[in-house]
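As structure tokens, the structure follows; a few thoughts come after it.
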Amino acid sequence: MEQLKSNKKVPFLPQDIPFNDDQRQWLGGFLAGLHTRLLVKEEHVSTTSAPQQQIKPLTIIYGSQTGNAEGVAEEAAEIAKNHGLSPLVIDMDDADLTQLSQAERLLVVTSTYGEGEMPDNAQALWDDISSANAPRFDNTYYSVLALGDTNYDDFCLAGIQWDERLEALGATRIAERVDCDVAFESPAQEWIAETLPTIAQKGSNGHSDVVPSAAPAATKKAKSKFNRDNPFEAELISTYILNKPGSGKETCHYEFSLLDTNESYDAGDAINLIPSNRPDIVEELISILGARKEQHEQYDGHTLALQTIFSEHLEIRIPSKEFITEVAARSGNAEFIGKLEEGPQSLNDFLWGLDCVDLLTKYAPTAFTASDFIRLAKPLAPRAYSISSSIKKHHNQVHLTIASVRYTQDNRTHNGVCSTFLADICKPGDKVKCYFAPNKHFSVPEDASAPIIMVGPGTGIAPFRGFLEERAATQATGDNWLFFGDRQKACDFLYQEELEAMQQSGILTRLDLAFSRDQTQKIYVQDKMQEQGAELFSWLERGAYFYVCGDAFRMAKDVDKALHDVVAEHGGLDAEQAQAYVASLKKQKRYVRDVY
Numbered sequence: 001m002e003q004l005k006s007n008k009k010v011p012f013l014p015q016d017i018p019f020n021d022d023q024r025q026w027l028g029g030f031l032a033g034l035h036t037r038l039l040v041k042e043e044h045v046s047t048t049s050a051p052q053q054q055i056k057p058l059t060i061i062y063g064s065q066t067g068n069a070e071g072v073a074e075e076a077a078e079i080a081k082n083h084g085l086s087p088l089v090i091d092m093d094d095a096d097l098t099q100l101s102q103a104e105r106l107l108v109v110t111s112t113y114g115e116g117e118m119p120d121n122a123q124a125l126w127d128d129i130s131s132a133n134a135p136r137f138d139n140t141y142y143s144v145l146a147l148g149d150t151n152y153d154d155f156c157l158a159g160i161q162w163d164e165r166l167e168a169l170g171a172t173r174i175a176e177r178v179d180c181d182v183a184f185e186s187p188a189q190e191w192i193a194e195t196l197p198t199i200a201q202k203g204s205n206g207h208s209d210v211v212p213s214a215a216p217a218a219t220k221k222a223k224s225k226f227n228r229d230n231p232f233e234a235e236l237i238s239t240y241i242l243n244k245p246g247s248g249k250e251t252c253h254y255e256f257s258l259l260d261t262n263e264s265y266d267a268g269d270a271i272n273l274i275p276s277n278r279p280d281i282v283e284e285l286i287s288i289l290g291a292r293k294e295q296h297e298q299y300d301g302h303t304l305a306l307q308t309i310f311s312e313h314l315e316i317r318i319p320s321k322e323f324i325t326e327v328a329a330r331s332g333n334a335e336f337i338g339k340l341e342e343g344p345q346s347l348n349d350f351l352w353g354l355d356c357v358d359l360l361t362k363y364a365p366t367a368f369t370a371s372d373f374i375r376l377a378k379p380l381a382p383r384a385y386s387i388s389s390s391i392k393k394h395h396n397q398v399h400l401t402i403a404s405v406r407y408t409q410d411n412r413t414h415n416g417v418c419s420t421f422l423a424d425i426c427k428p429g430d431k432v433k434c435y436f437a438p439n440k441h442f443s444v445p446e447d448a449s450a451p452i453i454m455v456g457p458g459t460g461i462a463p464f465r466g467f468l469e470e471r472a473a474t475q476a477t478g479d480n481w482l483f484f485g486d487r488q489k490a491c492d493f494l495y496q497e498e499l500e501a502m503q504q505s506g507i508l509t510r511l512d513l514a515f516s517r518d519q520t521q522k523i524y525v526q527d528k529m530q531e532q533g534a535e536l537f538s539w540l541e542r543g544a545y546f547y548v549c550g551d552a553f554r555m556a557k558d559v560d561k562a563l564h565d566v567v568a569e570h571g572g573l574d575a576e577q578a579q580a581y582v583a584s585l586k587k588q589k590r591y592v593r594d595v596y
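Following UniProt numbering from start to finish, the sequence shown increments by one per residue and tops out at 596.
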């Protein structure tokens with residue numbers, strides 16, 4: 001790496017430093033942050049004693065499904081100003097590829113959605129840059145930060161593809177791509193600290209990057225001081241089950257108080273909850289490891305009781321890839337090892353529904369110690385949930401709609417980490433650690449007269465309850481249409497009384513319902529969309545926004561296909577034209593999804 005004008009390099013940790021991975025990650029992030037602050041001070045001194053250098057443009061594009069990549073991009077832009085750079089942050093949906101190829105300095109921050117897919121706001125630009133006639137980037141210096149989750153097979157694939165494609169088009173990589181797991185904050189800070197001083201030295205002074213003008217930005221809220229490492233505590237004030245007797249589901253409504261936090265949110269945002277692991281699975285795991293809950297072990301540079309480590313710090317239900325690989329190796333089980341070698345899909349089918357206790361019990365009941373498990377497990381990750389309220393109606397409150405995950409396999413009961421932490425362990429008056437995750441793209445239109453169409457079966461209704469409350473509170477005049485579905489109307493019609501009251505008041509213009517088990521042939525929300533295709537297309541033609549929330553792997557794909565079919569049939573378009581029509585909706589931010 002080139003030296004800075006101060007001859008100070010970005011700090012790095014020697015490979016043989018005697019720390020574990022978590023300690024290295026924490027210390028690396030600390031040093032990166034300290035380095036950036038020192039550079040700020042140094043540049044402040046230099047600019048007061050010498051003529052100011054010419055500002056150099058920096059383009060930062062982001063692909064984000066839930067807002068994390070956007071947040072990192074904005075953070076990089078703020079720090080870039082301290083390095084003599086003039087940053088412009090652009091949503092990938094707003095970027096024109098021909099103009100982008102003329103950028104001398106380019107940073108790419110992108111998450112990976114679903115099974116290795118581009119985020120919704122990145123797909124169109126990716127299609128353009130992937131084409132055979134994409135422009136060259138010969139005069140561009142770049143680096144990529146990829147956000148992902150190692151529990152998925154195609155970890156950080158979107159970032160990997162951007163990195164490789166820019167290189168193939170002639171761009172010059174100035175810092176190696178960094179692939180971040182769920183705990184992305186520290187590695188992201190290190191990447192920012194490394195790339196900015198380096199890219200600031202590249203290219204010519206006074207060169208004006210030709211980039212598309214971003215739409216006028218809305219007034220930004222002050223960035224919250226709360227995050228994964230510094231959550232606030234929200235008091236649970238009320239909870240009740242939304243399903244009626246006879247349902248095979250347990251979907252709960254939760255209300256939390258925001259009093260004394262000074263925190264707020266917008267309809268469409270999400271909240272990250274930090275749960276504790278259930279005591280019963282903590283006891284099971286400690287027992288099978290032949291350990292004692294009071295024994296002390298090393299974790300993250302501290303000596304803690306095993307019960308504390310397993311309850312508060314580690315992902316003990318969902319096995320990490322490293323743990324799975326090690327169990328297979330120590331088990332000596334030929335079938336297990338064979339599935340591991342066959343590839344992700346075969347392995348996933350083989351291990352479906354099994355948690356860490358299942359794996360140990362079935363394949364390696366005496367092969368692991370507590371310290372072995374600690375070394376192989378991932379940190380306990382926050383759980384993100386779509387907010388199902390508007391703060392304009394419920395002052396100082398945030399509401400959630402969460403299905404309790406419970407199932408039985410091999411005569412053993414399995415429980416979701418956060419959903420049953422809330423349903424079984426938390427009581428009104430208890431406080432839960434959390435922090436908000438803004439999602440500015442998934443929000444009600446700024447134009448209060450614009451119609452909106454919402455597709456949210458099951459718990460996918462959550463943000464749309466918030467949307468309707470928001471539209472009512474702001475006296476928005478636009479029409480509102482909701483497609484909702486579940487299993488049985490008699491017991492699974494979530495928020496039935498509220499929705500029917502909204503219909504009567506006029507705030508909910510149309511309500512189309514699809515209860516799959518109420519007739520011989522199953523009916524889903526996508527079927528209702530096609531049934532009402534002519535009307536749906538007419539709403540789109542008069543400027544409606546189309547929102548989808550819920551299951552990413554089946555429902556969202558089926559709804560997307562239905563939307564294309566409706567547009568083709570009722571717009572008189574062929575498949576290619578319908579695809580272009582839907583792409584235009586996405587480009588205008590009129591087709592957005594909150595899927596998981």
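From the three backbone atoms N, C-alpha and C, an ideal C-beta is built for every residue, glycine too.
- Query: In three-state terms, what does DSSP make of Ala-562?
  - Reply: helix
- Using a threshold of 8 Å, state whether the C-beta atoms of Ile-507 and Leu-540 are closer than that. no
- Hey, quick one: how far does the alpha helix (DSSP H) through Asp-527 stretch, first residue to last? 525-531
- Message: What does the Cβ neighbour count give for residue 597, buried or exposed, with the cut at 16 atoms within 10 Å?
- Response: A question about residue 597 goes unanswered here, because the residues of the chain that appear run from 1 up to 596.
- Item | Residue nearest to Gln-298 in terms of C-alpha spacing, selected from Arg-542, Ser-86, Ala-370 | Ala-370
- Query: Within 7 Å: the Cβ of Val-398 and any heavy atom of the ligand GDP?
  - Reply: As presented, the structure is devoid of all ligands, the ligand GDP included, so that no description of it is given.
- Can you tell me whether DSSP reads Glu-43 as helix, strand or coil? In this predicted model, Glu-43 has a pLDDT of only 42, less than 50, meaning its place in the structure is not dependable enough to derive any value.
- Query: Would DSSP call Thr-195 helix, strand or coil?
  - Reply: helix
- For Lys-378, does the count of other Cβ atoms within 10 angstroms reach 16, so buried, or fall short, so exposed? buried
- Apart from the five residues on each side of it in sequence, which residues of its chain come closer than 7 Å, Cβ to Cβ, to His-564? Ala-578, Gln-579, Val-582
- Distance CB(Asp-558)-CB(Tyr-524) smaller than 8 Å: yes
- Item | One or two residues paired with Met-454 in a DSSP bridge | Leu-482, Tyr-547
- According to DSSP, is Val-210 helix, strand or coil? Because Val-210 sits at a pLDDT of 47, beneath the cut-off of 50, its placement in the model cannot be relied upon, and the following sentence gives the value as read from the coordinates. In this structure, Val-210 counts as coil in the three-state DSSP scheme.
- Query: Could you check where the alpha helix (DSSP H) with Ala-501 kicks off and where it finishes?
  - Reply: 496-505
- CB-CB under 8 Å to Ala-215, same chain, minus the five flanking residues each way: which ones, in chain order? Unreliable positioning characterises Ala-215 in this predicted model, as indicated by a pLDDT of 43, which lies under 50. A coordinate reading is not provided.
- Beta-carbon proximity of Leu-306 to Ala-329, cut-off 8 Å: no
- Are any of the Cβ atoms in chain B nearer than 8 Å to that of Thr-303? Judged by its chain identifiers, the structure shown contains no chain B, having just a single protein chain.
- How would you write the range of the beta strand (DSSP E) that Gly-63 sits in, first residue to last? 56-63
- Determine the DSSP secondary structure at Ser-311, reduced to helix, strand or coil. helix
- Task: Tell me whether the beta-carbon of residue 598 lies closer than 8 Å to the beta-carbon of Asn-272.
- Result: Since the first residue shown for the chain is 1 and the last is 596, residue 598 is missing from the structure and cannot be characterised.
- Item | Asn-151 - containing beta strand (DSSP E), residue span | Per DSSP, Asn-151 belongs to no beta strand (DSSP E) and is neither H nor E.
- Query: Would the beta-carbon of Phe-546 fall within 8 Å of that of Ile-461?
  - Reply: no
- Ser-389, buried or exposed, once every other Cβ within 10 Å from all chains shown has been counted against 16: buried
- Query: Contact check, Ser-287 vs Leu-376 under 8 Å by CB: the rounded distance?
  - Reply: Actually they are not in contact, since the Cβ atoms of Ser-287 and Leu-376 sit about 18 Å apart, beyond 8 Å.
- Determine the direct distance from the alpha carbon of Pro-119 to that of Lys-56, and round the result to whole angstroms. 29 Å
- Message: Quick check on Pro-202: does DSSP put it in helix, strand or coil?
- Response: For the sequence presented, residue 202 should be read as Lys rather than Pro. In this structure, Lys-202 counts as coil in the three-state DSSP scheme.
- Query: What residue from Asp-512, Ser-538, Arg-487 has the CA that sits closest to Leu-499's CA?
  - Reply: Asp-512
- Opposite Val-432 in the DSSP bridges: which residues? Ala-234
- Task: Report buried or exposed for Thr-408, applying the criterion of at least 16 other Cβ atoms within 10 angstroms of its Cβ.
- Result: exposed
- Message: I'd like the list of long-range same chain contacts for Lys-522, defined as Cβ closer than 8 Å, with 5 residues on each side in sequence excluded.
- Response: Ser-516
- Residue of Phe-436, Gly-203, Asp-149, Gly-116 minimising C-alpha distance to Phe-184: Asp-149
- Query: Roughly how many whole angstroms lie between the Cα atoms of Trp-352 and Glu-535?
  - Reply: 41 Å
- How should Ala-334 be labelled, buried or exposed, when 16 other C-beta atoms within 10 angstroms of its C-beta is the threshold for buried? exposed
- Task: Return the CA-CA distance between Lys-393 and Ala-473, expressed in angstroms with no decimal places.
- Result: 6 Å
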